[in-house]
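**Student:**
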Amino acid sequence: MDFDLSDEQRLVGDNVARLMRDKYGFESRKAYAAAALGFSEEMWRHYAELGLLGAPFAEEDGGYGGGAVEIMLTQEAFGRALALEPYFATVVLAGSALRHGATAAERAELIPEIASGELRLALAHAEPQSGWDPFDVKTTAKAGGDGFLLDGEKGLVLNGDSAHKLVVLARVSGAQRDADGLGLFLVDAGAPGVTRRGYPTQDGRRAAEISLAKAPAKALGEPGRAGPVIARVLEDAIAALCAEAAGAMAEAVEMTTEYMKTRKQFGVAIGSFQALQHRAADMVVALEQARSMMYLAVMSTQDPDAASRARAISAAKAQIGRSARFIGREATQLHGGIAMTYEYKLGHLFKRLTMIDMAYGDADHHLAKLGEGESLFD
Amino acid sequence: MDLGFSAEEIAFRAEVREFVTHNLPANIRDKLAAGHHPSHDDIVTWTRILAAKGWGAPHWPVEWGGTGWDAIKLSIFTDEIQRANAPESLAFGTSMVGPVIATFGSQAQKERFLPRILDLRDWWCQGFSEPGAGSDLAGLRTKAERDGGSWVIDGQKTWTTLAQYADWIFVLARTDASVKKQEGISFFLCDMKSPGVTVRPIQTIDGGFEVNEVFFDSVRIPAENLVGQENKGWDYAKFLLSNERNGIARVGVSKARLAKIRRLAALTTYGDKPKLADPVFRMKLAAAEVELKALEMTQMRVIAASRSAPKGKPNPMSSVLKIKGSELQQATTELLMDVVGPYALPYAQEQGDRWNEPSVGPDWASTIAPTYFNTRKVSIYGGSNEIQRSIIAKAILGL
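The listed protein sequences derive, respectively, from chains A and B.
Letter by letter, the first sequence follows residues 0 to 377 of numbering that gives the first Met the number 0.
Letter by letter, the second sequence follows residues 0 to 398 of numbering that gives the first Met the number 0.
(1) Give me the residue from Ala244/A, Leu181/A and Met254/A with the minimum Cα distance to Met357/A.
(2) Just verifying my parser: in three-state terms, what is the DSSP assignment at Phe18/B?
(3) Tell me which same chain residues have a C-beta within less than 6 Å of the C-beta of Leu275/B, skipping the five on either side of it?
(4) When DSSP labels each residue in this structure, what does Ile379/B get in the three-state scheme?
(5) Please report whether the beta-carbon of Ala264/B lies at a distance below 8 Å from any beta-carbon of chain A.
(6) What does the alpha-carbon distance come out to for the pair Ala251/A and Pro345/B?
(7) Tell me whether Val186/A is buried or exposed, calling it buried when 16 or more other Cβ atoms sit within 10 Å of its Cβ.
(8) Establish whether the CB of Asp1/B and some CB of chain A are separated by less than 8 Å.
(9) Excluding five sequence neighbours on each side, which residues of the same chain lie with their C-beta closer than 6 Å to the C-beta of Val170/B?
(10) The beta strand (DSSP E) that contains Val90/A, what's its start and end?
(11) List the residues of chain A whose Cβ lies closer than 8 Å to the Cβ of Leu257/B, in chain order.
(12) Going along chain B, which residues have a C-beta under 9 Å from Ala314/A?
(13) Following the continuous beta strand (DSSP E) through Pro215/A, name the residue where it begins and the one where it ends.
(14) For the beta strand (DSSP E) containing Arg145/B, name the first residue and the last one.
(15) Closer than 8 Å, CB to CB, is Thr332/B near chain A or not?
(16) So, does the CB of Arg300/B fall closer than 8 Å to a CB anywhere in chain A?
(17) Can you round the beta-carbon distance between Leu327/B and Leu294/B to whole angstroms, since I take them to be within the 8 Å contact cut?
(18) For Pro98/B, which residues in the same chain have their Cβ closer than 6 Å to its Cβ, ignoring the five residues on either side in sequence?
(19) Output yes or no for whether 8 Å exceeds the beta carbon distance between Trp167/B and Trp233/B.
(20) Give every residue of the same chain whose Cβ lies closer than 7 Å to the Cβ of Arg47/B, excluding the five residues on either side of it in the sequence, and list them in chain order.
(21) Indicate the three-state DSSP secondary structure (helix, strand or coil) for Tyr198/A in the structure shown.
(22) Name the two residues that bound the continuous beta strand (DSSP E) containing Thr44/B.
(23) Any idea what DSSP makes of Arg173/B, helix, strand or coil?
(24) Just list the beta strand (DSSP E) runs in the segment 181-249 of chain B, keeping only unbroken ones of 3 residues or longer that don't cross its boundaries, in chain order.
(25) What residue from Ala323/A, Val171/A and Gly151/A has the CA that sits closest to Gly192/A's CA?
(26) What number of angstroms, rounded off, separates the C-alpha of Ser305/B from the C-alpha of Ala268/A?
(27) Output needed for Asp362/B: all residues of its chain with C-beta closer than 6 Å, excluding positions within five of it in sequence on either side, in chain order.
(28) Among Phe372/B, Glu385/B, Asp78/B and Val196/B, whose alpha-carbon lies nearest the alpha-carbon of Ala274/A?
(29) In this structure, does DSSP put Val359/B in helix, strand or coil?
(30) Check this for me: beta carbons of Leu396/B and Ala279/A, under 8 Å apart or not?
(31) Below 8 Å on the Cβ atoms is my guess for Leu36/A versus Ala88/A; work out the distance and round it to an integer in Å.
(32) Output needed in chain order: residues of the segment 321-339 of chain A with a Cβ under 7 Å from some Cβ in chain B.
(33) Hey, out of Leu49/A, Gly173/A and Gly320/A, whose CA is closest to Ala459/A's CA?
(34) Examine chain C for any beta-carbon lying closer than 8 Å to the beta-carbon of Thr77/B, and answer yes or no.
(35) Hey, out of Asp69/B, Asp216/B, Ser325/B and Glu17/B, whose CA is closest to Lys156/B's CA?
(36) Are there 16 or more other CB atoms within 10 angstroms of the CB of Pro292/A, so buried, or fewer, so exposed?
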């Protein structure tokens with residue numbers, strides 16, 4: 000039992016933290032958000048140069064041999080800075096789909112391009128009707144052209160408007176909500192039959208609704224067997240979101256504490272008021288409980304037992320969701336009016352934390368799922 | 000990073016579990032599992048079984064009968080004891096006065112008292128709180144005056160847990176009223192048989208008798224029963240309270256209660272379905288389990304950090320453990336209330352040794368509501384949760 004990082008991991012953590020401190024102040028973020036793609040292509044190059052984009056992939060696939068811990072460290076730093084670049088979309092979501100679902104040849108072709116920063120991917124798994132059910136897929140894939148032709152509507156595709164290629168979950172057989180009969184397909188974003196409607200999200204990022212009409216696609220892995228893959232991908236995604244949330248929550252707690260020390264009312268710092276101190280203390284409790292579950296989630300992604308892995312991930316997401324919502328609301332209240340302004344960072348942390356709870360099943364969804372199963376304790 | 004236990008730790012847990020399974024008397028186990036308090040004799044019996052194994056006070060220095068286990072093994076041991084529904088060791092001796100004597104006491108005090116704490120030949124109770132000194136403990140007014148070879152103690156202590164069984168009490172008393180309140184307090188050891196000591200029971204809301212008032216009317220104790228230096232008692236009390244926080248999360252207690260909730264919820268039907276089949280109930284149960292899992296991980300993080308931290312320095316993260324741990328103890332007693340439903344109502348008089356006589360309603364129902372009422376204490380004692388929040392605000396956030 001230890002929570003220590005290896006020297007290499009510590010270096011990754013230090014490097015990304017330093018980069019974000021130097022280049023990702025909140026004023027810079029405003030400029031990045033206003034750019035054409037909604038993020039900074041220069042920062043994306045920095046991430047590639049630092050090795051962040053290849054870090055979590057195996058060396059034989061063209062990565063740098065790290066894994067979930069490297070993603071955790073990166074996402075924590077990105078959570079603090081509210082980073083906008085499509086690291087989560089490309090490296091976490093699509094990257095995990097490649098890791099778990101693609102053949103060695105496919106990985107060897109795509110991962111070096113991700114690591115170098117040339118290739119940005121987006122994962123199109125959800126659909127307008129699917130809610131949080133990963134297997135609810137109406138989009139079809141039929142053999143045709145040089146490979147497959149896809150038809151259907153994909154929704155909430157994170158960074159789908161700026162990705163070069165899309166990793167699309169589509170059905171080759173079975174009924175709408177079957178776990179069997181799903182496949183992952185690679186689609187050029189500019190291919191004929193692909194229509195993208197990009198839009199901003201509540202948390203300052205971008206996403207797209209994507210229509211596919213006989214869009215030419217290439218299979219990743221074996222079509223029909225992607226059900227377990229997408230489940231695993233979403234588990235990896237949740238673990239990474241837990242880390243991002245932990246970073247954003249820590250930032251919110253620190254900003255709030257700082258504000259309480261400097262903001263004066265009635266002639267004294269508001270941090271001297273016990274009513275406010277106790278609310279801030281409860282934020283610490285919520286943060287530490289969430290951070291503990293971040294570690295559990297990250298380490299659980301390696302658990303070969305699918306059932307215990309799913310339980311641990313659900314438990315982590317439920318805790319993170321509750322802590323994130325609580326800390327977001329409390330930080331806003333303790334700041335007072337300034338938190339309501341668009342120009343101040345805190346409100347953006349609040350919005351991101353709220354949206355993290357809503358992603359891949361909110362706290363109630365995961366509690367209900369846990370409720371259906373066995374105890375978390377042996 | 001590796002969140003698993005080592006092979007040695009897993010084997011150690013199995014060893015403890017095996018020992019407890021085979022050596023905890025069945026009548027004690029069943030009584031505690033049913034939610035009753037252990038009797039004086041239950042605690043003594045079990046403590047002596049552990050002491051004979053060398054596990055009477057595992058966290059003590061080896062020379063005084065401790066085990067030399069590291070923090071992880073100690074936490075595994077506590078977890079297993081709590082989960083097995085075994086009586087916990089009497090903390091007033093093993094976790095409170097024992098470490099104070101071992102650290103600050105004279106050689107004569109160590110030799111006289113420590114062996115008798117290990118096997119519970121001496122039952123200790125804690126003379127800290129007073130009617131006017133609860134959260135503000137340093138405001139205590141019980142005083143001790145030097146008179147030749149004796150100290151003479153006058154005053155009143157309260158909330159003194161299990162004082163009705165105690166042979167000895169450790170007492171914080173004011174020995175200098177002219178200085179800052181924390182600087183005029185001394186730490187004494189007092190024989191409960193001393194003339195002038197009176198114990199008066201306080202009945203708690205669940206109907207039980209755990210706590211007492213203890214009165215000191217010109218109680219004369221020998222000078223050698225002062226621990227350490229005169230007027231340094233507050234330092235020793237702080238040391239004691241930081242030890243008290245070890246295991247404060249009581250994760251094992253909540254785990255045992257969650258297992259009980261599942262067992263009873265499977266037996267209890269509402270309409271034609273067991274309570275355990277109710278999705279709303281299952282969701283509440285899952286929520287408690289998630290929080291407890293997180294707390295268990297938080298506790299492991301605190302333990303891991305303690306391995307590299309200077310010894311004896313209190314970690315303010317223990318306040319996080321206290322708050323969340325007490326909230327979960329309370330949440331689990333509320334879930335038991337959800338299970339029992341209408342048969343929470345009948346009140347069984349404190350039954351003592353007749354605890355297993357026929358009950359009204361399900362045979363497990365009579366302890367549910369008293370446990371719920373009684374467990375409100377856990378967010379009040381040991382530094383109330385509001386005191387813990389103030390500690391977090393100051394020591395972690397710097398407010």
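Beta carbons are placed, not taken as given, at the ideal position from N, Cα and C, and that holds for glycine.
Remember, predicted model here, so these are calculated numbers, not experimental data.
**Tutor:** In this structure, then:
(1) Ala244/A
(2) helix
(3) Ala264 and Ala265
(4) If DSSP states are grouped into helix, strand and coil, Ile379/B belongs with coil.
(5) no
(6) When rounded, the distance between both Cα atoms is 49 Å.
(7) Counting the other CB atoms within 10 Å of its CB gives Val186/A a total of 16 or more, which places it among the buried residues.
(8) yes
(9) Gly126, Phe187 and Cys189
(10) From DSSP, Val90/A is part of no beta strand (DSSP E); its letter is neither H nor E.
(11) Residues of chain A passing the Cβ test: Ser374 and Phe376.
(12) Ala285, Glu288, Val289, Lys292 and Ala293
(13) Arg205 to Gly223
(14) Lys142 to Asp146
(15) no
(16) yes
(17) 6 Å
(18) Asn242
(19) no
(20) Asp118 and Leu119
(21) strand
(22) Per DSSP, Thr44/B belongs to no beta strand (DSSP E); it is in the alpha helix (DSSP H), His39 to Lys52.
(23) strand
(24) Fully contained in the segment 181-249 of chain B are the following beta strand (DSSP E) runs of length 3 or more, in chain order: 184-190, 196-201 and 210-221.
(25) Gly151/A
(26) Between Ser305/B and Ala268/A, the C-alpha separation is close to 33 Å.
(27) none
(28) Glu385/B
(29) coil
(30) yes
(31) Not quite, the Cβ-Cβ distance comes to about 12 Å (not below 8 Å), so this is no contact.
(32) Those would be none; no residue qualifies.
(33) The displayed coordinates of chain A run from 0 to 377. Any statement about residue 459/A would go beyond what the structure contains.
(34) Judged by its chain identifiers, the structure shown contains no chain C, and its protein chains are A and B.
(35) Asp216/B
(36) In the sequence as displayed, the identity of residue 292/A is Met instead of Pro. So Met292/A counts as buried.
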